[in-house]
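**Q** After the structure tokens below, expect a handful of questions from me.
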Amino acid sequence: MPSRYLIVAVLLVAICLGALVFYEWQGRQIGQLGENTYVFLEIWQHTNGELIEGEYAPGMCIDFPGYDFYENAGVLSIFTPLAEVPDNFLTVVGVGESLSGSAGMGAASGLVWINSFPTTVGAVGGNFSMTSLDADGTVSLTYRGINLVLELGEWWENVTISTEQTGENSLVKYTTMVTVKNYGFQDKNKIKVY
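Here it is, written out as structure tokens:
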């Protein structure tokens with residue numbers, strides 16, 4: 001008789017575990033989208049300027065970081081004044097820009113909290129439209145007219161190069177790289193507000 005209870009208990013545990021889908025990514029086991037999880041997506045634009053001719057003219061300096069994401073630990077640190085975390089959200093999108101070289105220096109970033117799809121949000125260099133979020137964490141979006149489908153851990157990069165006159169006698173080559181990355185499922189309990 002006790003062996004029947006043991007078999008039933010083992011079957012119930014197996015059924016419960018089978019109903020949960022887990023994903024292994026970067027050595028961390030992350031559950032599927034749910035009450036305590038979200039998908040973190042980042043859109044980042046970095047511009048580097050290289051003086052081709054003329055005299056160096058200082059570029060713009062920006063220093064407004066709104067968040068920091070520690071990929072290996074899955075920790076999202078939010079700095080004031082962006083400290084308000086909504087009650088319900090499925091996806092957090094980090095949007096940022098950084099400058100180096102003759103383009104300037106520093107970084108600025110912010111967060112967009114998304115709880116329904118489709119949605120359109122303003123981003124560095126243009127708007128993006130998130131069309132869907134699948135149960136496995138795959139994100140579908142349109143950015144600058146390009147349709148992207150990014151699975152967990154996937155990213156897309158676009159590099160553009162332009163040359164501009166920045167004064168009477170200065171010529172600067174700008175290299176701009178836009179990266180869109182799906183960092184996958186994250187634990188809402190690891191969102192820290194400072």
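Those letters in the sequence shown? Residues 1 to 194, by this note's numbering. Using N, Cα and C, we set each Cβ at its ideal position, and we do this for glycine too.
#1: Going by C-alpha distance, which of Tyr-70, Glu-84 and Gly-96 is nearest Ile-62?
#2: Is it buried or exposed, Ile-78, if we count other Cβ atoms within 10 angstroms and call 16 or more buried?
#3: The beta strand (DSSP E) spanning Glu-53 covers which residue range?
#4: In the DSSP assignment, find the beta strand (DSSP E) that holds Asp-68 and state where it starts and stops.
#5: Let me check one thing: in DSSP terms, what residues is Val-172 bridge-paired to?
#6: Name, in chain order, the residues that DSSP records as bridge partners for Ala-107.
#7: Just curious, the beta strand (DSSP E) that Tyr-143 is in, first and last residue?
#8: Apart from the five residues on each side of it in sequence, which residues of its chain come closer than 7 Å, Cβ to Cβ, to Thr-166?
#9: Do Leu-152 and Gly-137 count as a contact pair if the criterion is CB distance below 7 Å?
#10: How would you call Gln-26, buried or exposed, if buried means at least 16 neighbouring beta carbons within 10 angstroms?
#11: Taking 7 Å as the cut-off, decide whether the C-beta atoms of Gly-106 and Asn-48 are in contact.
#12: To which residues of the same chain is Asn-196 closer than 6 Å at the C-beta, ignoring the five residues directly before and after it?
#13: For Gln-186, which of Gly-59, Glu-154, Ala-73 and Phe-64 has the nearest alpha-carbon?
#14: Is Ile-191 helix, strand or coil when you go by DSSP?
#15: Measure the C-alpha to C-alpha separation of Val-139 and Leu-51 and round it to an integer number of angstroms.
#16: Tell me which residues share the same chain as Trp-113 and place their Cβ nearer than 7 Å to its Cβ, disregarding the 5 neighbours each side in the sequence.
#17: By a C-beta neighbour count over all protein chains shown, 10 Å radius and 16 as the cutoff for buried, is Ala-103 buried or exposed?
#18: Are Thr-160 and Thr-176 close, meaning C-beta to C-beta below 7 Å?
#19: Who are Gly-184's beta bridge partners in DSSP?
#20: Can you give me the C-alpha to C-alpha distance between Gly-54 and Asn-158, rounded to a whole angstrom?
**A** Here's the rundown:
#1: Your numbering for residue 62 matches position 62 in the sequence shown. Selected option, being the one with the closest Cα: Gly-96.
#2: As a first step, residue 78 must be located in the sequence shown, where it is residue number 78. Buried.
#3: The residue given as residue 53 occupies position 53 in the sequence shown. First-last of the beta strand (DSSP E) with Glu-53: 37 to 53.
#4: In the sequence shown, counting from the first residue as 1, residue 68 sits at position 68. 67 to 70 is the extent of the beta strand (DSSP E) around Asp-68.
#5: Taking the first residue of the sequence shown as position 1, residue 172 is located at position 172. Bridge partners of Val-172: Leu-51 and Glu-164.
#6: Walking along the sequence shown from the start, residue 107 turns up at place 107. BP columns for Ala-107 point to Asp-63 and Ser-98.
#7: On the sequence shown, position 143 is the one that residue 143 refers to. Per DSSP, Tyr-143 belongs to the beta strand (DSSP E) from 139 to 143.
#8: Taking the first residue of the sequence shown as position 1, residue 166 is located at position 166. These residues qualify, in order along the chain: Ala-57 and Val-172.
#9: Indexing the sequence shown from 1 puts residue 137 at position 137. Indexing the sequence shown from 1 puts residue 152 at position 152. In this structure, Leu-152 lies closer than 7 Å to Gly-137 by Cβ.
#10: As a first step, residue 26 is located in the sequence shown; it is residue number 26 there, counting from the start. Since pLDDT at Gln-26 reaches only 40, below the 50 mark, its modelled position is unreliable, and no value is offered.
#11: For the purposes of this step, residue 106 is identified with residue 106 of the sequence shown, where counting begins at 1. For the purposes of this step, residue 48 is identified with residue 48 of the sequence shown, where counting begins at 1. One thing to note: Gly-106 has its Cβ no nearer than 7 Å to the Cβ of Asn-48.
#12: Only positions 1 to 194 of the chain appear in this structure, which leaves residue 196 out of reach.
#13: Looking up residue 186 in the sequence shown gives position 186. Among Gly-59, Glu-154, Ala-73 and Phe-64, the Cα nearest to that of Gln-186 is on Ala-73.
#14: Walking along the sequence shown from the start, residue 191 turns up at place 191. Correct three-state label for Ile-191: strand.
#15: Working through the sequence shown from its first residue, we reach residue 139 at position 139. Working through the sequence shown from its first residue, we reach residue 51 at position 51. Looking at the two C-alpha atoms, the distance is approximately 38 Å.
#16: In the sequence shown, residue 113 corresponds to position 113, counting from 1. Excluding sequence neighbours, Trp-113 sits near Pro-86, Phe-89 and Val-92.
#17: As a first step, residue 103 is located in the sequence shown; it is residue number 103 there, counting from the start. It counts as buried.
#18: Here residue 160 is taken as the residue at index 160 of the sequence shown, counted from 1. Here residue 176 is taken as the residue at index 176 of the sequence shown, counted from 1. Yes, Cβ-Cβ distance for Thr-160 and Thr-176 is below 7 Å.
#19: Walking along the sequence shown from the start, residue 184 turns up at place 184. In the DSSP output, where bridge partners are listed per residue, Gly-184 has Phe-40.
#20: Your numbering for residue 54 matches position 54 in the sequence shown. Your numbering for residue 158 matches position 158 in the sequence shown. If you take the alpha carbons of Gly-54 and Asn-158, they lie about 29 Å apart.
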